[in-house]
Every structure is written in C-alpha cells, then in structure tokens.
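In my numbering, the protein residues as written are 5 to 99. Cβ coordinates follow ideal geometry from the N, Cα and C atoms, glycine included.
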Amino acid sequence: MSVDVATVRRIAHLARIAVSEGEVPHLQGELNAMLAFVEQLSEVNVEGVEPMTSVTPMQMKKRQDVVNDGEIADDIVANAPATEGHFFLVPKVVE
C-alpha cells in the first residue's frame, strides 16, 4: 500500500494540520515508510504467542469492590439551598 499526494493532503486536512506544498513529498515518504513497516509486521509468525499488556509479567493491584456513600454525603449537600436526607431538592421543571 502506498500513499499518494492527494491522500497526504486529505490526511493533513482531516488532522487539521497546515502542510505547505514543500512538506507534502516528505510527509508522503514518511507515511509510506510507516505503512511498509506495518506490512513487515504482518509477516511475523505470532501463532501461540499470548497477548501481553506489559513486557514484564506482573499482577495488577486490585481493590475490593465495595459500595459505600463516600462517607461525605453531609459535606456534599451542605451548600445546597434545599435538601431532604442526602438528596438535592430542585423545582419541578416538567409538567
């Protein structure tokens, strides 16, 4: 796959990047080099290779999934003009 001059201009337009006429050939070469590298990657045999999230094996730190009210409900509604319990009271806007 190769990128032509029109595609470079379109990519620049979509990315909202100002590209002068002198920069277009250079960007075309850069984009073609990137695509060539991606094509090389498709030749690598990855059968049997487990997907990884890191190059070093590690376990993610996990916390207990506990539901609570944050223990600051009173502080949250303290500045509200009208509350009931730990809820904000607002005027009815739909009839």
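- In this chain, the alpha helix (DSSP H) harbouring residue 32 covers 28 to 45.
- Judged by beta-carbon spacing, residue 7 lies within the 8 Å limit of residue 39, meaning their Cβ atoms are closer than that value.
- In this chain, residue 76 is not harboured by any alpha helix (DSSP H), its DSSP state being neither H nor E.
- Counting along the chain, residue 11 sits inside the alpha helix (DSSP H) bounded by residues 9 to 18.
- Here the alpha carbons of residue 74 and residue 88 stand approximately 18 Å from one another.
- Residue 42 and residue 90 have their C-alpha atoms roughly 55 Å apart.
- Sequence-distant Cβ neighbours of residue 36 in its own chain, meaning closer than 7 Å and more than five residues away, are 6 and 7.
- Here the alpha carbons of residue 22 and residue 16 stand approximately 7 Å from one another.
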